Amino acid sequence: MTSRAEPGNRVRRTGVAVQVAGSQIGLALSNYLVLAIAARHLDTAGFAALSSYYLLINTVGRGLFAAVELEATRAVADAVARGHDTAPAVRAARRDTLRLLVAALALTALAGPLLAHALGSTPLAIGLLAAGAVTMAASYLLRGPLAGRRRYGLYAATFWIEAVVGLVAAAVFVLADVQGTASWIAILAVAPIVSALVLARPATRVPATPGAPAAADAPVPAAARGGVFWSAALLLAGQGVWNLAAVFVTSRLADTPAIAAGFVTVAVILRAPVLLFPAVQAILLPAFAAMLGDGDHSGVRTIVRRLGVVLAGGGVVWLVLAVFVVPWAARLLFGATVVPPPWVLAVLAVSTVVGAAAQIGQTRLVAERRPATVAVAWIAGLALLVVIAFLASPPVTAAAVGQLAAAVAVFVALALAARRPADPGATP
10 MTSRAEPGNR
20 VRRTGVAVQV
30 AGSQIGLALS
40 NYLVLAIAAR
50 HLDTAGFAAL
60 SSYYLLINTV
70 GRGLFAAVEL
80 EATRAVADAV
90 ARGHDTAPAV
100 RAARRDTLRL
110 LVAALALTAL
120 AGPLLAHALG
130 STPLAIGLLA
140 AGAVTMAASY
150 LLRGPLAGRR
160 RYGLYAATFW
170 IEAVVGLVAA
180 AVFVLADVQG
190 TASWIAILAV
200 APIVSALVLA
210 RPATRVPATP
220 GAPAAADAPV
230 PAAARGGVFW
240 SAALLLAGQG
250 VWNLAAVFVT
260 SRLADTPAIA
270 AGFVTVAVIL
280 RAPVLLFPAV
290 QAILLPAFAA
300 MLGDGDHSGV
310 RTIVRRLGVV
320 LAGGGVVWLV
330 LAVFVVPWAA
340 RLLFGATVVP
350 PPWVLAVLAV
360 STVVGAAAQI
370 GQTRLVAERR
380 PATVAVAWIA
390 GLALLVVIAF
400 LASPPVTAAA
410 VGQLAAAVAV
420 FVALALAARR
430 PADPGATP
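If you're matching positions, the sequence shown starts at 10 in this note's numbering and goes up one per residue.
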């Protein structure tokens, strides 16, 4: 019986992985299509502003609230496994979301001036960023408990609904000949809340667990709440490394929007592998945690080395595509009139490959329950990017070199951290 059940379990796990990863990739492609449609409909300055908003809201919104989803998933799954009431875990997720939302709103106030010139109003820029932060908070708060209860169909549906809403709204705007940049930005700001509103009722319809202890008897540990902080810092800084270089270029080259739009376009294209890593981490993290729990440290190191070899080969391919294919894609799909020189494209591509290698090391350290170490590395990398990209000249060169320097700094910091043994009390 066991031998028959095991293949069936593997098939189900594979189906779940495909379902979840497919929905995330679908949303990423939808956002890219919205940007491509807007590039053909807005002027150059408007497209640069829309792209910068997309990158900023991914930094602030997804960077912070994905941490709530991860911790809610862990806490709810743990409660289900123990036969406890999941309500305390959900309430803790709500409190964490509110705390992080305050931080997100503060960050939007700081980031608003970067879009103010393109939109003609700092309050409008801050308002649109704040709206996006609120809608993303609601969306991620919904997803965490769904994943924890293994309701993967509804979980994937949150991504698909957001993707469809964005594409439908873009099509309507084209037919109605909507030219306002703020209106196009509203598509990205509003789409996440639609899935939360549509699925809120079925998502919260959960049967009571027979014999579950009272909510007050199953508190969420303080250590877990600390983990949310470090996870949020890690994800926020990581998103910043991949998104802010293009935003700085847009802000500094407001008077030459064609150059800014060209850089933003290639930066958005060349960061595509970063969008796929959460799906990869979803597979690697449980495997690493299980192996470390069994004391199989050499097995983890072997997997990391093999992934490094695969990544090196893929990196060569990505570098060739960056130099020879990305300029064509930028002009054809996004209507770019000015594309950065090949060496800039190569630097951006190499930074992505180095960053992907860093994320493999990141997964290992997170599996060892060392999120603070990872967060500090990404924060240091982000600080280096900000200093170079915002202060050095010319802006395009500074942004590309700053992103590469940040990725290398993170990779080196995580590699050095991996050479040090983890705290025995922290390893699973």
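The C-beta atom is built at its ideal place from N, Cα and C for all residues, glycine as well. Please read all numbers here as calculations on a predicted model, not as lab measurements.
query: Does the pairing of the stretch 145-154 with the stretch 66-85 give three or more beta-carbon distances under 8 Å?
result: yes
- prompt: What are the boundary residues of the alpha helix (DSSP H) that Q371 is part of?
  reply: 351-376
- prompt: Distance, Cα to Cα, A102 vs S240?
  reply: 13 Å
- prompt: Excluding sequence positions up to five away, which residues of its chain have a Cβ less than 8 Å from the Cβ of L394?
  reply: G249, V250, L253, A254, G411, Q412, A414, A415
task: Give the straight-line distance between the Cα atoms of V143 and A407, rounded to the nearest whole angstrom.
output: 32 Å
- prompt: By DSSP, does D305 sit in helix, in strand, or in coil?
  reply: coil
task: Give me the Cα-Cα distance between S307 and I388, rounded to the nearest whole angstrom.
output: If you take the alpha carbons of S307 and I388, they lie about 29 Å apart.
task: Mark T346 as exposed unless 16 or more other C-beta atoms lie within 10 angstroms of its C-beta, in which case mark it buried.
output: exposed
task: Give every residue of the same chain whose Cβ lies closer than 6 Å to the Cβ of A269, excluding the five residues on either side of it in the sequence, and list them in chain order.
output: The beta carbon of A269 is closer than 6 Å to those of A57, V258, T259, L262 in its chain, skipping five residues each way along the sequence.
field: Nearest-angstrom Cα separation, counted from L44 out to P336
entry: 16 Å
- prompt: Is T117 helix, strand or coil when you go by DSSP?
  reply: helix
message: Under 8 Å, with one C-beta from each stretch per pair, do the stretch 57-75 and the stretch 105-114 reach the 3-pair mark?
response: Taking a contact to require three or more Cβ pairs closer than 8 Å, the stretch 57-75 and the stretch 105-114 qualify as touching.
message: What residue range does the alpha helix (DSSP H) around P211 cover?
response: 190-213
message: Can you tell me whether P403 is helix, strand or coil according to DSSP?
response: coil
message: I need the boundaries of the alpha helix (DSSP H) containing R91, first residue and last residue.
response: 72-91
query: Distance, Cα to Cα, V363 vs P351?
result: 18 Å
message: Just to confirm the assignment, what range does the alpha helix (DSSP H) spanning V275 have?
response: 266-279
- request: Take Y41 as the anchor and find which of P380, V275, W327 has the nearest alpha-carbon.
  value: V275
message: If contacts are defined as beta-carbon pairs under 8 Å, then V332 and A365 qualify, I think. What distance do you get, rounded to the angstrom?
response: Not a contact, Cβ separation roughly 18 Å.
- prompt: What whole-angstrom Cβ distance do W193 and S32 have, given they're in contact under 8 Å?
  reply: Their Cβ separation, rounded to whole angstroms, is 24 Å, which puts W193 and S32 out of contact at 8 Å.
- prompt: Are A106 and A139 close, meaning C-beta to C-beta below 8 Å?
  reply: Per the sequence shown, the amino acid found at residue 106 is Thr instead of Ala. Using a Cβ distance threshold of 8 Å, T106 and A139 do not count as a contacting pair.
task: Along the alpha helix (DSSP H) that carries T144, what are the first and last residues, could you check?
output: 131-157
Backbone CA spacing between V419 and A409 [nearest angstrom]: Between V419 and A409, the C-alpha separation is close to 16 Å.
C-beta contact flag for V199 and L65 at 8 Å: In this structure, the beta-carbon distance from V199 to L65 does not fall below 8 Å.
- prompt: Can R340 and A427 be called in contact, C-beta distance under 8 Å?
  reply: In this structure, R340 sits away from A427, with a CB-CB distance that is not shorter than 8 Å.
Alpha-carbon spacing of A96 relative to R160, whole angstroms: 16 Å
message: Here's the rule I'm using: 16 or more other beta-carbon atoms within 10 Å means buried, otherwise exposed. How should L4 be labelled?
response: What the structure shows of the chain is the stretch from 10 to 437, and residue 4 is not part of that stretch, so it cannot be assessed.
- prompt: Would you say P349 and V405 are within 8 Å of each other, going by their C-beta atoms?
  reply: yes
query: Since S39 contacts L176 with CB under 8 Å, what's their CB separation in whole angstroms?
result: 5 Å
query: Leaving out the 5 sequence neighbours to the left and right, which residues in its chain are closer than 6 Å to A88 when beta-carbon positions are compared?
result: T95, A98
query: Which whole-angstrom value describes the C-beta separation of P266 and A54, a residue pair presumed to lie in contact below a C-beta threshold of 8 Å?
result: 4 Å
- prompt: What number of angstroms, rounded off, separates the C-alpha of L320 from the C-alpha of L423?
  reply: Taking the straight line joining both Cα atoms gives about 17 Å.
Cβ-based neighbour list, E78, same chain, cut-off 6 Å, excluding 5 preceding and 5 following: Closer than 6 Å at Cβ, skipping near neighbours: Y149, R152, G153.
message: Less than 6 Å between C-beta atoms, sequence neighbours within five positions excluded: which residues of the same chain meet that for P219?
response: Residue confidence for P219 is low, a pLDDT of 49 falling below 50, so the modelled location carries little weight; the figure read from the coordinates is stated next. No residues qualify anywhere along the chain.
message: Short of 8 Å in beta carbon distance, which residues of its chain neighbour A223, apart from the five on each side in sequence? Order them along the chain.
response: Low confidence applies here, because A223 scores a pLDDT of 47, under 50, leaving its location unreliable and the question unanswered by this model.
task: Classify L425 as buried or exposed, calling it buried when 16 or more other Cβ atoms lie within 10 Å of its own Cβ.
output: exposed
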